[in-house]
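Written below as structure tokens is the structure these notes are about.
There are 2 protein chains.
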Amino acid sequence: MKYYIGIDLGGTNVRTLLVDEHGESYSEVKGPTECENGPDYVCDKIIKQIESLDTSVCGGLQGVEGIGIGAPGPVDTELGIMIMASNLPGFENYPVCHKLKEKFGLPTFIDNDANVAGLAEAVLGAGKDYRTNYFITCSTGVGGAFVVDKKLVSGGRGHAGEIGNMILVPGGYKQGALNPGAVEGEISGTALTRKGKEAKGDLVKHAGDVFKLAAEGDEACQKIVEEFIDGFSTLLANVAHTVDPHCFVLGGGVFKSKAYFWDELEKRFNSKIHVGMRNHIPLLFKEIDDCGAIGAAMLPMSQLD
Amino acid sequence: MKYYIGIDLGGTNVRTLLVDEHGESYSEVKGPTECENGPDYVCDKIIKQIESLDTSVCGGLQGVEGIGIGAPGPVDTELGIMIMASNLPGFENYPVCHKLKEKFGLPTFIDNDANVAGLAEAVLGAGKDYRTNYFITCSTGVGGAFVVDKKLVSGGRGHAGEIGNMILVPGGYKQGALNPGAVEGEISGTALTRKGKEAKGDLVKHAGDVFKLAAEGDEACQKIVEEFIDGFSTLLANVAHTVDPHCFVLGGGVFKSKAYFWDELEKRFNSKIHVGMRNHIPLLFKEIDDCGAIGAAMLPMSQLD
């Protein structure tokens with residue numbers, strides 16, 4: 001049996017886990033990130049969490065194969081640094097992998113949290129029986145991950161899966177620094193809530209309300225849901241024609257309402273792809289609930305095998 | 001030195017080549033496909049071409065590592081068959097790989113011609129110094145290929161790179177069986193020629209005329225060129241956000257006119273991708289002129305290494 005350490009490095013909390021190659025967890029240490037104290041402070045905290053893990057199952061840290069870190073935002077996986085770190089000020093270009101490698105002498109890898117979640121699903125979750133997986137998470141934002149033979153395709157600068165910035169509706173809604181008509185501005189949970197509030201005011205608190213009101217017959221919300229299904233199925237079709245994954249794995253807050261739209265999404269997606277692909281790319285719902293640290297632990301596993 | 005056999009199986013001609021691992025060619029046999037005689041006839045012809053190769057450089061066929069076939073249209077790379085074969089009637093589901101493997105006892109692979117051309121560029125051509133390549137060819141149609149670590153990502157049903165059917169302009173022009181507003185209907189050479197003829201009648205014979213007239217100040221053609229640059233840069237940005245390739249390799253008939261639009265395309269593409277990717281994904285022009293059979297020969301090389 002092989003053992004790995006996974007670290008879920010978030011803006012609020014940081015969590016360190018010892019897991020085996022099947023994703024089973026043996027020991028966990030967590031605490032607030034306190035990133036306002038700077039990256040050296042956070043890095044020391046991670047080191048202490050690793051030292052506090054109960055590693056008796058593998059005879060101590062020398063029985064661990066490697067360390068993986070999941071972090072928010074784009075990452076340069078080759079240099080082992082974060083490129084942007086809006087939720088972790090000071091972590092841009094900070095050599096976090098290098099520091100842990102120096103301290104523990106273990107191979108150490110970093111990737112962004114959507115990639116890490118996608119890897120967990122591909123190795124242990126919904127996509128584990130498929131050679132290639134495209135993972136898409138749709139909640140506040142929209143992110144993705146492409147996994148080939150249980151390895152992440154992170155891309156040249158760690159931006160593979162940054163599908164939230166794909167152009168879905170040329171000249172469409174401009175959200176923040178994204179392209180006009182970008183996926184995230186058109187079909188994210190944030191976009192659904194924005195459109196819902198515009199139409200129904202305080203009746204809509206979050207995306208789920210839009211689906212509920214549409215199902216109850218509200219025409220304005222039905223139009224928003226139709227735009228969502230049309231846009232999401234185009235996103236799926238465009239990714240499918242780019243890499244033809246063996247399956248899609250879908251998750252994120254918006255999919256809490258999946259009962260309202262899953263069947264229609266599947267139908268619409270299949271109508272937008274080449275005949276030879278139709279009904280050959282299953283849409284699967286994600287299986288692993290809390291996949292940040294587990295997925296991070298899969299990073300060294302997917303690189304060292 | 002390792003040696004491979006590559007077969008460029010087209011609707012008109014079939015061509016068989018003996019090449020080494022550096023793409024150098026040692027012997028070639030070619031002839032008309034005569035596909036009207038059916039797949040068994042064509043398969044026998046391929047077998048005779050292979051037997052007619054001068055394989056003295058590697059001491060006969062036993063010195064060859066494997067055989068690769070490039071074919072038009074989508075291919076099931078795992079089953080070794082063509083899924084659609086509009087230019088090679090009767091080849092749908094025909095076990096061409098199996099027949100050659102049985103005859104010669106060599107590992108035999110098949111993929112579609114855009115994939116094979118992209119592989120040649122990634123292994124020997126413009127993209128050879130980059131870990132991942134996305135190849136795009138834009139002529140009559142638009143096709144692509146994704147190569148990771150010198151291996152093709154063919155996808156679940158061989159449709160990776162079928163980017164001609166990606167939706168670029170929702171509700172746009174409907175060409176044949178493709179999606180309304182698909183890439184091929186909006187920005188292929190065929191689309192440029194169609195739009196040019198609509199605007200300028202017989203003054204436009206092919207896509208190149210549109211670029212020439214635009215450069216001479218024709219406003220209708222300038223509008224068509226602007227739509228092309230806008231659409232092609234969106235295609236590049238969408239693929240970039242999906243897989244973040246280390247480079248793009250671009251080719252095909254439309255790029256004969258690249259002097260008219262290359263700089264603007266590069267600028268527009270960079271304006272549509274995340275800041276962290278900007279100027280990190282070079283657009284490269286393809287280097288290998290006649291890459292069908294050479295690329296096919298790279299198929300076993302990329303699978304057997």
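Quick mapping for you: the protein sequence lines, in order, are chains A and B. Taking full-length UniProt numbering, I'd label the letters of the first sequence as residues 1 to 305. Taking full-length UniProt numbering, I'd label the letters of the second sequence as residues 1 to 305. All C-beta atoms in this analysis are idealised placements derived from N, C-alpha and C, irrespective of residue type, glycine included.
Listed by chain order, chain B residues near residue i by CB distance under 7 Å
i: Pro95(A); result: What Pro95(A) touches in chain B: nothing, since even the nearest Cβ is about 17 Å away.
i: Ile281(A); result: Gly156
i: His246(A); result: Gly156
i: Ala220(A); result: Under the 7 Å cutoff, chain B gives no residues; its nearest Cβ is about 20 Å from Ala220(A).
In DSSP terms, what residue i is bridged to
i: Tyr134(B); result: Phe146(B), Phe248(B)
i: Leu17(A); result: Gly6(A), Glu28(A)
i: Val75(B); result: Met82(B)
i: Phe285(A); result: Leu250(A)
i: Asn112(B); result: Ala71(B)
i: Ala296(B); result: DSSP, once it has assigned bridges, lists no residue as partnering Ala296(B).
Interface partners of residue i on chain A, CB under 7 Å
i: Phe146(B); result: Val243
i: Ala85(B); result: The premise fails here: Ala85(B) is roughly 11 Å from chain A at the closest Cβ pair, so nothing lies under 7 Å.
i: His98(B); result: The premise fails here: His98(B) is roughly 20 Å from chain A at the closest Cβ pair, so nothing lies under 7 Å.
Distance CB(residue i)-CB(residue j) smaller than 8 Å
i: Gly164(A); j: Tyr173(A); result: no
i: Arg268(B); j: Asp244(B); result: no
i: Ile5(A); j: Ile67(A); result: yes
i: Glu65(A); j: Pro300(A); result: yes
i: Leu235(A); j: Val210(A); result: no
i: Val29(A); j: Leu61(A); result: no
i: Gly23(B); j: His280(A); result: no
i: Glu264(B); j: Leu283(B); result: no
i: Ser257(B); j: Ala207(B); result: yes
i: Tyr3(B); j: Gly70(B); result: no
Exposure label - residue i; buried when at least 16 CB within 10 Å
i: Ala259(A); result: exposed
i: Leu152(A); result: buried
i: Asn115(A); result: buried
i: Gln175(A); result: buried
i: Ala85(B); result: buried
i: Lys48(A); result: exposed
i: Pro89(A); result: exposed
i: Lys205(B); result: exposed
i: Asp113(B); result: buried
i: Gly144(A); result: buried
i: Met166(A); result: buried
i: Ser56(A); result: exposed
Where residue i meets chain A, residues with beta-carbon distance less than 8 Å
i: Pro74(B); result: His274, Gly276
i: residue 306(B); result: With chain B covering 1 to 305 only, the question about residue 306(B) has no answer from this structure.
i: Thr132(B); result: Val153, Gly155, Gly156
Residue i: contacting residues in chain B (beta-carbon distance under 8 Å)
i: Glu227(A); result: None at all; the shortest Cβ gap to chain B is about 10 Å.
i: Asn179(A); result: Ala237, Lys272
i: Ala114(A); result: Residues of chain B passing the Cβ test: none, with the nearest at roughly 12 Å.
i: Ala71(A); result: Going along chain B, no residue has its Cβ under 8 Å from Ala71(A), so there is no contact; the nearest lies around 14 Å.
Partner residues on chain A for residue i, Cβ-Cβ distance less than 9 Å
i: Met82(B); result: Here the premise fails: no neighbours, minimum Cβ distance about 10 Å.
i: Ala199(B); result: Ordered by position in chain A, no residue passes the 9 Å Cβ test against Ala199(B), which lies about 21 Å from the chain.
i: Ala117(B); result: Those within 9 Å of Ala117(B) in chain A number zero; the least Cβ separation is about 17 Å.
Per-residue contacts from residue i into chain B (C-beta, under 9 Å)
i: Pro170(A); result: Leu168, Val169, Pro170, Asp230, Gly231, Thr234
i: residue 307(A); result: Look at the range of chain A in this structure, 1 to 305, and you will see that residue 307(A) is not part of it.
i: Ile163(A); result: Asn238, His241, Thr242
i: Ala122(A); result: By Cβ distance, chain B contributes nothing, its closest Cβ being about 14 Å from Ala122(A), past 9 Å.
i: Asn37(A); result: Per Cβ cutoff of 9 Å: no residues; Asn37(A) is ~25 Å from chain B at best.
i: Ala191(A); result: The contacting residues do not exist; Ala191(A) stays about 16 Å from chain B at best.
Three or more C-beta pairs under 8 Å: does that hold for the stretch 243-250 of chain A against the stretch 85-100 of chain A?
no
Okay, do the stretch 72-79 of chain B and the stretch 117-133 of chain B touch, 3+ Cβ pairs below 8 Å being the bar?
no
Would you say the stretch 191-200 of chain A touches the stretch 208-221 of chain A, given that touching needs at least three Cβ pairs under 8 Å?
yes
Counting Cβ pairs, one atom from each stretch, are 3 or more of them under 8 Å apart for the stretch 27-34 of chain A and the stretch 11-18 of chain A?
yes
Count Cβ pairs between the stretch 39-47 of chain B and the stretch 94-114 of chain B that sit closer than 8 Å; are there 3 or more?
yes
Are three or more beta carbon pairs between the stretch 267-281 of chain B and the stretch 283-303 of chain A nearer than 8 Å?
no
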